[in-house]
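In this note's numbering, the protein residues as written are 5 to 210. Beta carbons: idealized from backbone N, C-alpha and C, even for Gly.
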């Protein structure tokens with residue numbers, strides 16, 4: 005039986021595509037059988053779609069590096085625990101910044117990612133001076149590196165059962181408990197997906 009055969013029955017194929025396909029603002033939850041150490045039990049937020057591919061950041065892996073010591077200009081606006089997060093295996097020397105603010109902000113350097121009730125998540129683009137954007141936002145989180153997929157790569161990985169693609173919620177990207185996001189996001193899913201949070205670290209040994 006192929007991964008496609010194991011997918012649940014959807015009476016409306018359009019609804020299935022809408023709920024399971026990748027899109028900017030949605031989450032990718034790594035499945036226990038993914039088999040890639042770079043993404044083991046991670047939650048990735050898709051932040052951009054370019055030329056048929058997708059770019060995202062891992063939002064569930066805080067490092068021990070304090071933002072204050074690395075990027076002091078961003079520290080005051082950084083959300084607890086105020087740690088640099090590992091954003092992904094691509095360009096780990098590059099820092100990407102996400103910010104939360106009021107809806108429909110028109111500020112140079114802010115690119116909308118996803119709207120939530122009463123707030124919007126933005127991506128801070130390029131080499132932006134913190135002083136030009138921080139007065140307009142309510143908090144930021146910084147990520148070292150990113151994750152990227154070209155063409156139909158991500159769709160193929162989802163169809164193969166490597167990722168669960170689900171809706172994000174307002175507190176996900178700025179969670180003070182980002183290290184537990186993998187289990188927390190699975191716990192709020194319906195059906196068998198919620199039970200995956202109890203999967204052992206190495207399911208092949210069980």
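List the endpoints of the continuous beta strand (DSSP E) containing residue i.
| i | result |
| --- | --- |
| residue 138 | From DSSP, residue 138 is part of no beta strand (DSSP E); its letter is neither H nor E. |
| residue 36 | From DSSP, residue 36 is part of no beta strand (DSSP E); its letter is neither H nor E. |
| residue 168 | 167-171 |
If you reduce the DSSP assignment to three classes, tell me which class residue i lands in.
| i | result |
| --- | --- |
| residue 184 | helix |
| residue 7 | Bear in mind that the predicted position of residue 7 carries a pLDDT of just 40, short of 50, making it too unreliable to give a figure here. |
| residue 68 | strand |
| residue 20 | Because residue 20 sits at a pLDDT of 45, beneath the cut-off of 50, its placement in the model cannot be relied upon, and the following sentence gives the value as read from the coordinates. In this structure, residue 20 counts as helix in the three-state DSSP scheme. |
| residue 55 | coil |
| residue 210 | Note that residue 210 scores a pLDDT of 49, beneath 50, so its modelled location is shaky; the value from the coordinates is reported in the next line. DSSP places residue 210 in coil when its eight states are reduced to three. |
| residue 29 | coil |
| residue 110 | coil |
| residue 82 | strand |
| residue 152 | strand |
| residue 73 | helix |
| residue 177 | coil |
| residue 194 | coil |
| residue 13 | Unreliable positioning characterises residue 13 in this predicted model, as indicated by a pLDDT of 34, which lies under 50. A coordinate reading is not provided. |
Could you give the first and the last residue of the continuous alpha helix (DSSP H) run that contains residue i?
| i | result |
| --- | --- |
| residue 95 | Where residue 95 is concerned, there is no enclosing alpha helix (DSSP H), although the beta strand (DSSP E) it sits in stretches over 94-105. |
| residue 158 | 157-163 |
| residue 76 | 76-79 |
For residue i, which residues does DSSP report across the bridge?
| i | result |
| --- | --- |
| residue 124 | 105 and 119 |
| residue 147 | 89 and 100 |
| residue 62 | 48 |
Quiz item: Are the region 132-144 and the region 100-109 touching, with three or more C-beta to C-beta distances below 8 angstroms?
Solution: yes
Exercise. Count the CB pairs spanning the region 82-98 and the region 150-165 that are closer than 8 angstroms, and state whether there are at least three.
Key: yes
Quiz item: Quick check: the region 115-127 against the region 191-198, are there 3 or more CB pairs under 8 angstroms?
Solution: Between the region 115-127 and the region 191-198 there are fewer than three inter-stretch CB-CB distances shorter than 8 angstroms, so the stretches are not counted as touching.
Quiz item: Would you say the region 51-65 touches the region 172-186, given that touching needs at least three Cβ pairs under 8 angstroms?
Solution: Short answer: they touch.
Quiz item: Is it a yes or a no for the region 39-59 touching the region 165-177, going by three-plus beta-carbon pairs under 8 angstroms?
Solution: Verdict: yes, contact present.
Exercise. Count the CB pairs spanning the region 170-178 and the region 27-40 that are closer than 8 angstroms, and state whether there are at least three.
Key: Yes, since at least three Cβ pairs between the region 170-178 and the region 27-40 fall closer than 8 angstroms, the two stretches touch.
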